[in-house]
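Since the structure comes first, as structure tokens, the remarks are kept for the end.
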Ligand code: SF4
Ligand code: SF4
Ligand code: SF4
Ligand code: SF4
Ligand code: SF4
Ligand code: SF4
Ligand code: SF4
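Protein chains in written order, with this note's numbering: chain A, 4 to 650; chain B, 930 to 1081; chain C, -9 to 166; chain D, 8 to 369; chain E, 2 to 291.
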């Protein structure tokens, strides 16, 4: 309990301190020190609670409640003012409405509701805390070096790194608060803080594009926030303001409407179709921001909420809505990712796609599906952050974030390229985590016999294979000697990247154990209210997935690591030149005698299949479908499921 | 439109004996006109050198003093110009190509040494020829003499 | 007898042939002659090929190409000059842009004459080439190879050159 | 996306029977630029007229190209015959037509095979070449050579075909018909073949006209373009001659035109055999091509019009000999159809014009 | 799957599969030749080829390619072993995909324009067949109620009875997996394609030999997938499976010899369409019936 407090307060203090620190020499130790402390606190928390059952803490602190109200109001005013200033009145309107609702709600309805438990701990939230604590802080450390280079390369911009780091830690604090709040009002407050933090971070560079995209983000997430606020009012008037109670109600169907609204909020935050564009727009921000948003904060808050709500889904309209939106997003964004050549955009689409899968799993709501969702969340966090950090560093050293520019990066940035490849492997191929999680998804879907999801999964996986494999190929292409550009990479960057790589491998190897000792016990507590007749969680997973299979995967990971360590690049073969149809000139450059008797360089560009899978080809239609599904889903929840009964 | 349109032929092939000529297990089959390599019946050859002049690739070299007729089979293009040009018809285009080899070589025919009989015959022929020539010369002179006489 | 001579993969390059020899090389692959009987595949890729069949003579333009293809082939390898143009330059040897036979560019192991070279001659040439290939393989195993045609290859191969031994060697391969 | 895929296509490339080089710029698999280059087979044989006398030179012209070998020796001989005012005997004219049309059959079958190989239909390639061996067999039987057979020279032909053998040729060709029918159907109607050929490399009739295309390439775009219509040599005695045309202008049309021309050639041969008169097969050539005389001539080769120019100077050496070959006409069309095609169709598009690099570069 | 069955499968598949695969490949070439009216090579030709390749000079374009190819071979063997040990079918599918990925990466690593385009096409091929393979495993689960391969042996009838359309769709993509015309886009054994030798352009000698052997293992594995549809809890099932698998293999050879190579667009479109229609119909019917 105290650790939780510590986890929320520590980063807050760091944020406050960093706001006033403008010197690198002071900032570095502060960041590293707070990061270390946060990590320690996480470890401490894990030792106590990782495998335990759910615990609740009645805090009953009015001070915190008023503080949250205050924060909500401040945030509302901030966004309101920004919206006016930058000519986006819509954002101001949303912020205004939301603030008014919340203030009225807190001062009237909420006051009358008694809250039993404000804070809870279960293994899922501990796991989330670990992700935030390790991955999030790792990214903060990475940002030290990265932002120094960034500032050097953008001399024209005012040095606002103190704000940057301050917001980073604030973000972490909010995330910690978010994963442990049982009090929905508190949760809402943390929710809004993350929205505004990412708003600030996306707009960090203050370029026109950045500001425009930050507003797209805030508008879309304010929509979600509004839904959240309405849900709060609705629930408050029914006397329920606790997450666990809400979830327990879920299956009964009375809370269908507020849960639909919360799911909507989760979907916006998780950047699901039709809201995917805000996350794509967020790519204009410096890479640590993207890494943070994608791996451990923001979008993870969205899927975390959905995963929490998951037991309340299932074969009801809400579950259907979440599942369809998630499935659609998974499929479409995986396809669209094929057509992207900007590395960060590929990562973004892949994130959206993966989040879609998590949402779909959450929507299915069976124990295996939840199991899959949780692991997808975990592996996505570690692998994606690794990838973002690698891309960021690569960008600084090769001067482009285009995949095509990464040609021959294997020789130019040897270590980065290898780590990048590791991250990619983890994203889409057995025996690494993401795929094993996807495996569980397949199992759960096969179990429920949901043909639509089956098809989505089958085709989406194929698309996933394509966009990763071609990028991977580009990264692993070898020429015999090119300059090594890795010299200038900062230690902090190396540390963060190495740390993420370690996490990726650790999770992959420890997979079976995480499953057995952390996730399965978590799921076991829900067995009583989902699908009566199905086996309890642990047994279904062992029957269909099998602990031994997980073990095989883990052993395979180890075996691959060992063989790579032992043999990779150790071939003794004599090197020869590449085949150039008989007219090769310089094998290093792949040049050849061309048709004008000059010398041309041969090159290879990946396939993007723009006509088939381009944004223009796929997104408009899917956005429309997404909107229709959302509208119909929420409307059904409102009309059908007897919203009145609860009131 | 349709698919598998070649299948009938494929099945026919499958159950028929393959058309493959089993060279080199079976020797090659030549037609009566098959062109292979040029052979000189050197006994008949008079080393006139016409073939050398007509050969477009310079594959033939005739060395009159040494009494040799040489062909470079790695330069001959089997055009048969030489065969058609030979006044003695001693060149023939034989079946069977020059076998491939690890090095290029030439083939030389030398006019064979004559046997005693042939020698005698040749001598006799030459003698007769000389006589004939002498006679002709004499006759010509005689004629000329007559003509001179006539003029006078 | 090693597998090397049971699986000679070829690559064909048309240096400056008139097509006459080219189509005969191709004809070798087709049903009537079917050199796949001997395990021959037309790979079209120097890195996979054991035997380089060159047709036509070399000129200023293609001499580098011929050399590059040859260099990109892995040892053990054999070059067969197919046709009169490839052996001596043939009727074109006096042309201003013709440098002469293939041996002007790369070491040639077997010369197959004929204008156009007959499929049977190509088969014979390959059979001779196989003997050389086998010797080169042994040399390679013993670490004695060799990108140039080594002297003992020539003499040893010469021994099996006359028609009879060629036939005998070929029979052994096709039956064995 | 700054970067483009740039591939050196050829000169050594398994899909190209002859060395051509194309700088291909490709996006995904779409060709956005193709710059061809030739020159790998240039020998400079036209200059050989100064070293080989005009009678010998027929052996050189025959080796301009090993596929239309006979056609080139015939074209050359006829040019010289025009130059020297020779009227060769009818039997020789007819025999030339027979060999020439046989060459066309062998050339088209060869091409059909290569095309099949180009779209990855190995079996079809094998079957085309299997049938083609029949024609090569006829060549060997009548002349002794399989591909280059020195049957033509200035003044006539070098060897006769007995009447019995002529009947035999017709019989062999008739025997081929039923099997060829199966191949033809496969080429024209098999869905997988159509899938590859239909619609690729389209050229309209206007394009064909403005690009001066020749031969089947032009005829496939609906252009009536066939030198045989001029009735030179034995062609003048044909009862009727209608070029095979198609209006579609795509790869499939080119395939169809050539495939159907095989029947046409078979018919021409049969007609020639039935009409062939019993005259000598050559006439003695006396004298030299006169000084200052020049002649032009054209011949319809399997790939289209081949154009000859010869100029005499009173000696046995010509002072000039020039050829313009069908591929020189057609290469403009090829570059045009390569733009925007798929990488997988590059080889096919190159093949459908049936390029003759050997004769083009000489 | 027990450790014992794993060990037995390891020895059995590890040793027998290459022999069977080699013979299948040899048979393929022989029958192909006969269909074309040729004599064709000896049945053991693939074996000679590999022996020959092993004797070639030891060179490469970089120090990584042969490692990737070795990994590809290793994964193919592992997939087969897991399959024959009666392990989890999905696991087998994933591992064989991993094997393909290593091959793709090996091709990329060469930085040869032809190999790289081959790799891109291979990716497209994976993309074409992957949906079906995943749906097939799901259909298998629906029919057997287990992902374990060994579970078919407990059935009273072969699963083809409940999954006929899935089987047909599988045959469709089998052509891609066996790298047969019309779908031999990324590389084929015969040259004359626009990519020289596609993926294997830069592989030579031992590396190429490994690719060939991988292909043998893969072929045996894929043919046993065919067999999987036909076995049930009786030894006759195994017999039937072998006969049908051989018949299917012949069918594939026939298809190989009767089709022009298609372009990737057509491949993707057709295989997805077939997958979508056949699998959906079959699975829906299956779910309604059961
Ligand atoms: S032309 Fe005849 S006779 Fe004269 S040298 Fe030649 S072969 Fe002898
Ligand atoms: S056949 Fe022709 S090339 Fe051969 S020697 Fe006679 S004239 Fe010369
Ligand atoms: S040898 Fe004769 S057929 Fe062969 S390329 Fe030379 S000229 Fe042509
Ligand atoms: S003639 Fe033409 S090709 Fe020859 S050198 Fe001059 S410009 Fe170049
Ligand atoms: S074509 Fe004519 S001008 Fe050109 S090089 Fe040959 S002889 Fe000279
Ligand atoms: S077009 Fe030219 S190169 Fe091609 S076959 Fe005919 S003559 Fe030969
Ligand atoms: S068109 Fe081509 S193939 Fe035909 S004769 Fe002319 S050069 Fe030879």
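Even glycine gets a Cβ: it sits at the ideal position worked out from N, Cα and C.
- Among the residues facing chain B, residue 96(C) is not included, as its CB has no counterpart in that chain under 8 Å away.
- For secondary structure counted as the beta strand (DSSP E) over 3 or more consecutive residues, the stretch 4 to 90 of chain A holds these complete runs in sequence order: 58 to 60.
- Under the three-state reduction of DSSP output, residue 432(A) falls in the coil class, being neither helix nor strand.
- Under a 10 Å Cβ-count criterion, residue 217(E) is classified as buried, with 16 or more other Cβ atoms of the shown protein chains found around its own Cβ.
- Residue 70(C) places its beta carbon less than 8 Å from that of residue 41(C).
- In the DSSP assignment, residue 28(D) forms a beta bridge with 44(D).
- At a cut-off of 8 Å between beta carbons, residue 1030(B) contacts chain C.
- Interface annotation, residue 76(D): in contact with chain C, CB-CB separation under 8 Å.
- Counting along the chain, no alpha helix (DSSP H) covers residue 314(A), and no H or E run does either.
- Distance from the CA atom of residue 113(C) to the CA atom of residue 965(B), rounded to whole angstroms, is 16 Å.
- Between residue 33(C) and residue 1003(B), the C-beta gap is not smaller than 8 Å, which leaves the two residues out of contact.
- If you compare the alpha carbons of 323(D), 240(D), 275(D) with that of residue 111(D), the shortest gap goes to 275(D).
- Around the beta-carbon of residue 246(D), fewer than 16 other beta-carbon atoms lie within 10 Å, marking it exposed.
- For the stretch 341 to 409 of chain A, not one full-length beta strand (DSSP E) segment reaches 3 residues or more.
- Going by DSSP, residue 90(E) is part of the alpha helix (DSSP H) stretching over 90 to 110.
- 8 Å or more divides the Cβ of residue 222(A) from the Cβ of residue 384(A).
- Flagged as an interface residue toward chain E: residue 948(B), by a C-beta distance shorter than 8 Å.
- Scanning 353(D), 142(D), 369(D) for the CA closest to the CA of residue 182(D) turns up 142(D).
- Secondary structure at residue 7(C): coil, using DSSP grouped into helix, strand and coil.
- Those residues of the stretch 48 to 80 of chain C placed with their C-beta closer than 7 Å to a C-beta in chain A are 55, 58, 59, 62, ordered along the chain.
- For residue 15(D), the enclosing beta strand (DSSP E) has its first and last residue at 12 to 16.
- When only Cα atoms are considered, residue 43(E) and residue -6(C) end up about 15 Å apart.
- Between residue 581(A) and chain D, the shortest Cβ-Cβ separation is not below 8 Å.
- Distance between residue 54(C) and residue 597(A), taken at the CA atoms: about 14 Å.
- By the Cβ criterion, the stretch 267 to 286 of chain D is in contact with the stretch 174 to 190 of chain D, since at least three pairs of Cβ atoms, one from each stretch, lie closer than 8 Å.
- Within chain C, the residues 37, 38, 64 have their CB atoms less than 8 Å from the CB of residue 205(E), given in chain order.
- Three or more Cβ pairs closer than 8 Å define a contact, and the stretch 136 to 153 of chain E falls short of that threshold against the stretch 511 to 525 of chain A.
- Residue 380(A) is positioned such that its CB atom lies no closer than 8 Å to that of residue 287(A).
- Contacts with chain D at 8 Å (Cβ-Cβ) do not include residue 270(E).
- When beta bridges are read from the DSSP output, residue 44(C) appears opposite 3(C), 71(C).
- Contact holds between the stretch 583 to 594 of chain A and the stretch 8 to 24 of chain D, because three or more Cβ pairs, one in each stretch, are under 8 Å apart.
- Here residue 51(E) has 210, 213 as same chain residues with Cβ atoms under 6 Å from its own Cβ, once five neighbours each way along the sequence are excluded.
- The CB of residue 85(C) never comes closer than 7 Å to any CB in chain B; the least such distance is about 12 Å.
- At a cut-off of 7 Å, the beta-carbon of residue 107(C) counts as near ligand 3: some heavy atom of the ligand is closer than that.
- Burial check for residue 975(B): the Cβ neighbour count within 10 Å stays below 16, so the residue is exposed.
- In the three-state DSSP reduction, residue 154(A) falls in the helix class (H, G or I).
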